[in-house]
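Chains as they are written, first to last, in our numbering: chain A, 1 to 136; chain B, 1001 to 1136. Each residue gets a CB set at the ideal place from its N, CA and C atoms; glycine is no exception. Data block below; observations after.
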DNA sequence: CATAGACCTTCCAATCATGGTAAGGTCAAG
DNA sequence: CTTGACCTTACCATGATTGGAAGGTCTATG
């Protein structure tokens, strides 16, 4: 299986497979005589693992940790749970930030006529001239 | 007012002020004989506008648009509202994605003993071996 | 067998917004 | 006059990903 097929089978682009190899996230596979990378089924399995972890928002570094734990048959599940829960916390912090932005913007947009007149509470808020809400 | 004072007064770091100038978001200010940038009050006002827009999650490009609209005394507020509402939509999309990640992770973490045993539903899910939830 | 085109290889660059650092010039207080 | 806090420009790094160029290889068809 060459890199294009591994990419199709795993959902990780060939470009990214090479990148993950270059930064040491995954191991370099064997090569053919003509220097093509050759992937075995278990290597594709690793790629799928990486893909899923990235989809769940784990950073490449966190993914590396999880991969290590996955391959360590003696690990305690507590270690994995720790990585997951701190990631959940980070995600929730980010969500709260975005929600706060949305709240402020919705308020501003609600106050804005959205018509042909140049009067605009949104710009006024950005300019800090007539702070309506959420200003700090 | 030199760049450090303008940075303090606006909340935009001196580094970023120079960057915004280099990409054309803000205009180059006058210089002293010794080549120091000098900021007037209205230029600091622009910086504060930029800071607030960035805080609300607008990209630099969107901020440039808003800045243009702010300085265009003849603009219709509808244009501004459009920028704001499409930004709100983008933020909400992002929030939904993050919430979906959190939901999956919480389910996995809930199923995980978090003890000393090597058994771990989180890793099993990542590996795609025993898809529990949210797998796709 | 030759050739086209779909692969593969490496290397380099760009993205976005920000921080850092180094080497040098300037200014104000002591 | 020196010290230290500022300023200047010019690079480099981040994180994850995409893009391209220049060249080698494989496969199917004429």
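Residue i: buried (16+ other C-beta within 10 angstroms of its C-beta) or exposed?
| i | result |
| --- | --- |
| residue 23 of chain A | exposed |
| residue 109 of chain A | buried |
| residue 6 of chain A | buried |
| residue 1135 of chain B | Residue placement at residue 1135 of chain B is poorly supported in this model, since its pLDDT is 41, which falls under 50; the coordinates are not used for a value here. |
| residue 40 of chain A | exposed |
| residue 96 of chain A | exposed |
| residue 70 of chain A | buried |
| residue 1081 of chain B | buried |
| residue 20 of chain A | buried |
| residue 104 of chain A | buried |
| residue 1012 of chain B | buried |
| residue 1093 of chain B | exposed |
| residue 1089 of chain B | exposed |
| residue 1063 of chain B | buried |
Listing by chain order, which chain A residues have their CB less than 7 Å from the CB of residue i?
| i | result |
| --- | --- |
| residue 1099 of chain B | 95 |
| residue 1092 of chain B | 102 |
| residue 1105 of chain B | 56, 84, 87 and 88 |
Mind pulling the chain A residues with CB within less than 8 Å of residue i?
| i | result |
| --- | --- |
| residue 1076 of chain B | 115, 116, 117 and 118 |
For residue i versus residue j, is the C-beta distance shorter than 9 Å?
| i | j | result |
| --- | --- | --- |
| residue 1084 of chain B | residue 116 of chain A | no |
| residue 31 of chain A | residue 38 of chain A | yes |
| residue 1010 of chain B | residue 1050 of chain B | yes |
| residue 113 of chain A | residue 119 of chain A | yes |
| residue 123 of chain A | residue 1056 of chain B | no |
| residue 1072 of chain B | residue 52 of chain A | no |
| residue 1091 of chain B | residue 91 of chain A | no |
| residue 1008 of chain B | residue 1036 of chain B | no |
So what does residue i bridge to, in DSSP terms?
| i | result |
| --- | --- |
| residue 1038 of chain B | B:1030 |
Please list the partners that residue i has in chain B, where partner means a Cβ-to-Cβ separation under 8 Å.
| i | result |
| --- | --- |
| residue 68 of chain A | Result: empty, since nearest Cβ-Cβ is about 11 Å, beyond 8 Å. |
| residue 109 of chain A | 1081, 1084, 1085 and 1088 |
Any heavy atom of the ligand NAP closer than 8 Å to the Cβ of residue i?
| i | result |
| --- | --- |
| residue 22 of chain A | Here there are no bound small molecules, and the ligand NAP is not part of this structure. |
Could you list which residues in chain B have their beta carbon closer than 9 Å to that of residue i, in chain order?
| i | result |
| --- | --- |
| residue 6 of chain A | Per Cβ cutoff of 9 Å: no residues; residue 6 of chain A is ~15 Å from chain B at best. |
| residue 128 of chain A | 1045, 1048, 1049 and 1052 |
| residue 166 of chain A | Outside the shown range of chain A (1 to 136) lies residue 166 of chain A, about which nothing can therefore be said. |
| residue 123 of chain A | 1049, 1066, 1069, 1070, 1075, 1077 and 1080 |
| residue 15 of chain A | Near residue 15 of chain A there are no residues of chain B at all, since even the closest Cβ is about 22 Å away, more than 9 Å. |
- Anything in the stretch 78-89 of chain A with a Cβ closer than 7 Å to a Cβ of chain B? List those residues in chain order, please. Legend: CB atoms of the stretch 78-89 of chain A lying less than 7 Å from CB atoms of chain B belong to residues 78, 80, 81, 84, 85, 87 and 88.
- Message: To be precise: take each residue of the stretch 1017-1028 of chain B, compare its Cβ to all Cβ atoms of chain A, and keep it if any distance is under 7 Å. Which residues remain?
- Response: Those would be none; no residue qualifies.
- Message: Beta carbons nearer than 7 Å to chain B: which residues of the stretch 46-68 of chain A have them?
- Response: Going along the stretch 46-68 of chain A in chain order, one finds 48, 49, 52, 53, 56, 57 and 66 with a Cβ nearer than 7 Å to chain B.
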